[in-house]
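K.L.:
Okay, handing you the structure first.
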Amino acid sequence: MRLELVRRTQAVSKSQQYRFQGTTSTGQGQDNSPKGPKGPKQMKPGPPPLSVGQFFLRSLLGGIRSVGNVFKSETLKQTYKTNPISLTLALITLAAVGAISAYVVYIYFTYFNGEHFTRYPEPVAAALRKALYFTNIDPDPKRALKYYKQALEICDELNIDPFTDEVIGIRLQVSHWLQKIDNQANAAQVLESLLADCKRWIEVAEKAIKDGTVPASLLPPSNLKEKEEKPASPQAADAKDVKEEEEPKPTETIWGKRNRILQKAIGISVKLAELYNDEHVLKPDIAHERLIWGVETSLKEMKRRSEEGTKPGEGEWLNSEQIGAAIESLAHSYEAKDLFELALPLFFQALRASRDPCHNAVLMNNIAACFAQHNVARPGVAAIDNVVIDKSGSSATPAERRAAYLEAAQRWATNAKQHATEPKGEQRTAECDEACAVSLCNLGDIASLTGKPAEARRYFEQAIEMSKKVGFTPAVTQAEAGLEKLSKSNL
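In the working numbering, the protein residues as written are 36 to 526.
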């Protein structure tokens, strides 16, 4: 028993020696350094964070190296021999993924770093990138609105002029986005606020010009008018093209700023009329008021320029087609109110301003429709009477006046049909085909009103045939309604 106990004791001692062998002070691993308190360990600085561009570049290079290694290996040849179809599909998939990745990178650098962002300070641009991301890519109205507001707040903090094209553009984008998500009422409120701000600025600027209190920074240089009127030589024109990129843009004068903001206000007013006429809002009276203001303001400015001339640094005004579009919108507003005697003169002005042959046919159809529906007013009340009735028309009976209006309507509908068929090649658009179909419907309605059912039926059938050919459903509906009315009248 004692011998066995001694053996167990020796075994335990050996196991302890093996267990604590690594902690002995002998051997090659002996630490001869002086003992003492150890200081804190010094951490090595980590690599700087990667930018988005560096991340994409490194990822792309890594992918290219991986693909290169695959193509160098013998496994690829062996795989192609054993299963060529699967390998081909895999390579096509790889190429497609690479193309999509390259497209995403291209979109990132061309869209999110495009001129429409880089013209803003970086804090504003960052907020706009997020806003547009949640507008177009991952729609989230709450986040989009948050970042649009943030962009405008940053502009205010940086003291950016709220009447620059950039800041006004943000507010217009907010309205466009609200309209896109079917929130027309709030879209109109945003535009109303912007229009009121523009009107206030114009009022203050005009008062400052009148009182002579314009800040020196907004006054035009004394030689600016001479530079604008003096013709440039060919050598100077060539040199100007080279220097335009080097020289900064001249400071905007108060006349130039007034011109720019006034044009914005007129465009906003016309857009507001469109929103108020939308089926989600339906405020035609307010729409009519905005159109009247826009048209009257544009015509007053044209008159002022014709009388006073262009001021230094003022720039060009709206062209005839832009003014004509506003006048046409106002004419449609009067037409919707059954005030054809007021709509007709405006349609005539819009026709004079139009340069598009297909749109001319559309305007002629509008004139024909107004004449056909014109109320028989008292002699001399309608401003358009001198177009259809001679000097002796003051004693004409209501029936004679009605016949004169229908005759004028037929002439304009015939002119519309002729002008709609004339354009060829690039000049001819879908608007020409639609105008031609509408003119046939108008001619059918006029023939029906003048007691010519056979002629009316022929026009309606032609309108249906042509409208189906070009895929213009409204004209088909109008012509079929005309035929049904003729059938009921013959019973």
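All C-beta atoms in this analysis are idealised placements derived from N, C-alpha and C, irrespective of residue type, glycine included.
#1: Would you mind giving the Cβ-Cβ distance between Trp352 and Glu342, rounded to the nearest angstrom? I have them listed as a contact below 8 Å.
#2: Tell me the DSSP secondary structure of Ile481 in three-state form.
#3: Can Gly6 and Ser333 be called in contact, C-beta distance under 7 Å?
#4: How about Ala489 and Ala514: are their beta carbons less than 7 Å apart?
#5: With a 10 Å radius around its C-beta and 16 neighbouring C-beta atoms as the bar for buried, classify His315 as buried or exposed.
#6: Could you tell me whether the region 504-521 touches the region 467-476, where touching means 3 or more Cβ pairs closer than 8 Å?
#7: Tell me where the alpha helix (DSSP H) around Ala251 begins and ends.
#8: Quick one: complete beta strand (DSSP E) runs, 3+ long, within the region 152-225?
#9: Assuming Phe382 and Ala366 make a contact with CB atoms under 8 Å, what is their CB distance in whole Å?
#10: Which value, in whole angstroms, describes the spacing of the CA atoms of Gln393 and Ala455?
#11: Report yes if the C-beta distance between Thr170 and Ala162 is below 7 Å; otherwise report no.
#12: Rounded to whole angstroms, what is the Cα-Cα separation between Arg154 and Ala404?
#13: So Pro488 is in the alpha helix (DSSP H); what residue range does that whole segment cover?
#14: Are Leu230 and Ile303 touching if we call contact CB-CB under 7 Å?
#15: Using DSSP with H/G/I as helix, E/B as strand and the rest coil, what is Pro347?
#16: Figure out for me which residue from Thr288, Gly350, Ser368 has the closest Cα to the Cα of Ile321.
#17: Check whether the Cβ of Ala231 lies closer than 7 Å to any Cβ atom in chain B.
#18: Rounded to whole angstroms, what's the CA-CA distance from Thr345 to Glu238? Just pull it up for me.
#19: Kindly indicate the opening and closing residues of the alpha helix (DSSP H) around Arg446.
#20: Rounded C-beta distance between Val411 and Pro433? I'm assuming under 8 Å.
#21: By a C-beta neighbour count over all protein chains shown, 10 Å radius and 16 as the cutoff for buried, is Arg293 buried or exposed?
P.N.:
Reading off the structure:
#1: Position 317 of the sequence shown, counting from 1, holds the residue named residue 352. Position 307 of the sequence shown, counting from 1, holds the residue named residue 342. Trp352 to Glu342, Cβ: 13 Å. No contact.
#2: Taking the first residue of the sequence shown as 1, we reach residue 481 at position 446. Reduced to three states, the DSSP call for Ile481 is helix.
#3: Since the first residue shown for the chain is 36 and the last is 526, residue 6 is missing from the structure and cannot be characterised.
#4: Working through the sequence shown from its first residue, we reach residue 489 at position 454. Working through the sequence shown from its first residue, we reach residue 514 at position 479. Going by C-beta atoms, Ala489 is not nearer than 7 Å to Ala514.
#5: For this step, residue 315 is matched to residue 280 along the sequence shown. Per the 10 Å Cβ criterion, exposed.
#6: yes
#7: As a position in the sequence shown, residue 251 is number 216, starting the count at 1. Where Ala251 is concerned, there is no enclosing alpha helix (DSSP H), given that its DSSP letter is neither H nor E.
#8: none
#9: Numbered from 1 along the sequence shown, position 347 holds the residue referred to as residue 382. Numbered from 1 along the sequence shown, position 331 holds the residue referred to as residue 366. With 8 Å as the limit, Phe382 and Ala366 qualify as a contact, their Cβ atoms being about 5 Å apart.
#10: The residue you call residue 393 lines up with position 358 of the sequence shown. The residue you call residue 455 lines up with position 420 of the sequence shown. Here residue 393 is Cys; the residue named in the question, Gln, does not match the sequence. Looking at the two C-alpha atoms, the distance is approximately 6 Å.
#11: Taking the sequence shown and counting its residues from 1, the one referred to as residue 170 is at position 135. Taking the sequence shown and counting its residues from 1, the one referred to as residue 162 is at position 127. No. Outside cutoff.
#12: For this step, residue 154 is matched to residue 119 along the sequence shown. For this step, residue 404 is matched to residue 369 along the sequence shown. In a straight line, the C-alpha of Arg154 is about 48 Å away from that of Ala404.
#13: Working through the sequence shown from its first residue, we reach residue 488 at position 453. Note, Pro488: alpha helix (DSSP H), 488-505.
#14: Stepping through the sequence shown from its first residue, residue 230 is reached at position 195. Stepping through the sequence shown from its first residue, residue 303 is reached at position 268. Yes; because the gap between Cβ atoms is below 7 Å, this pair is in contact.
#15: Counting from 1 along the sequence shown, the entry for residue 347 is found at position 312. Coil.
#16: In the sequence shown, the residue the question calls residue 321 occupies position 286. Among Thr288, Gly350, Ser368, the Cα nearest to that of Ile321 is on Ser368.
#17: No chain B appears in the structure shown, which is made up of a single protein chain.
#18: For this step, residue 345 is matched to residue 310 along the sequence shown. For this step, residue 238 is matched to residue 203 along the sequence shown. Thr345 and Glu238: Cα-Cα distance of roughly 19 Å.
#19: For the purposes of this step, residue 446 is identified with residue 411 of the sequence shown, where counting begins at 1. Taken as a continuous stretch (DSSP letters only), the alpha helix (DSSP H) holding Arg446 covers 433-456.
#20: For the purposes of this step, residue 411 is identified with residue 376 of the sequence shown, where counting begins at 1. For the purposes of this step, residue 433 is identified with residue 398 of the sequence shown, where counting begins at 1. So it is a contact: roughly 5 Å between Cβ atoms.
#21: Within the sequence shown, numbered from 1, the residue matching residue 293 stands at position 258. Looking at its Cβ environment, which holds 16 or more other Cβ atoms inside 10 Å, Arg293 is buried.
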